[in-house]
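J.: In the working numbering, the protein residues as written are 6 to 90. Where is the CB? At the ideal position from N, CA and C, for every residue including glycine. Predicted, not measured: the structure shown is a model, and the values here were computed from it. One structure coming up, written as structure tokens, with questions to follow.
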């Protein structure tokens, strides 16, 4: 799971998610499965994916997709579940 890296209480958000299995900033109080791994690099996250599911505020979709151009499978496709805030 791609996660925009932020520092929360002196810890990286990806570290918190991977160690505590909870996104305390955006989904506090809900435990995530232990097989969900947070990565701060969208290209690494999408590496070798057949389907990429985007769940981002709409204003971040364009820049996130630009980072993926030429770096994912040509047969991969995306599904957008945009959040409006």
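On the DSSP bridge assignment, give the partners of residue 38 in chain order.
T.: The residue you call residue 38 lines up with position 33 of the chain shown. For residue 38, which the question treats as bridged, DSSP gives no partner whatsoever.
J.: Which term fits residue 8, buried or exposed, when burial requires 16 or more other beta carbons within 10 angstroms of its beta carbon?
T.: The residue labelled residue 8 in the question sits at position 3 within the chain shown. Buried.
J.: Rounded to whole angstroms, what is the Cα-Cα separation between residue 38 and residue 32?
T.: For the purposes of this step, residue 38 is identified with residue 33 of the chain shown, where counting begins at 1. For the purposes of this step, residue 32 is identified with residue 27 of the chain shown, where counting begins at 1. Going by the C-alpha atoms only, they are around 13 Å apart.
J.: Three-state secondary structure (DSSP) at residue 84?
T.: Sequence index remark: in the chain shown, residue 84 carries index 79 (1-based). Three-state result, residue 84: strand.
J.: Less than 9 Å between the beta carbons of residue 43 and residue 14, yes or no?
T.: Here residue 43 corresponds to residue number 38 of the chain shown, with the count starting at 1. Here residue 14 corresponds to residue number 9 of the chain shown, with the count starting at 1. Against a cut-off of 9 Å, the Cβ pair of residue 14 and residue 43 comes out as no contact.
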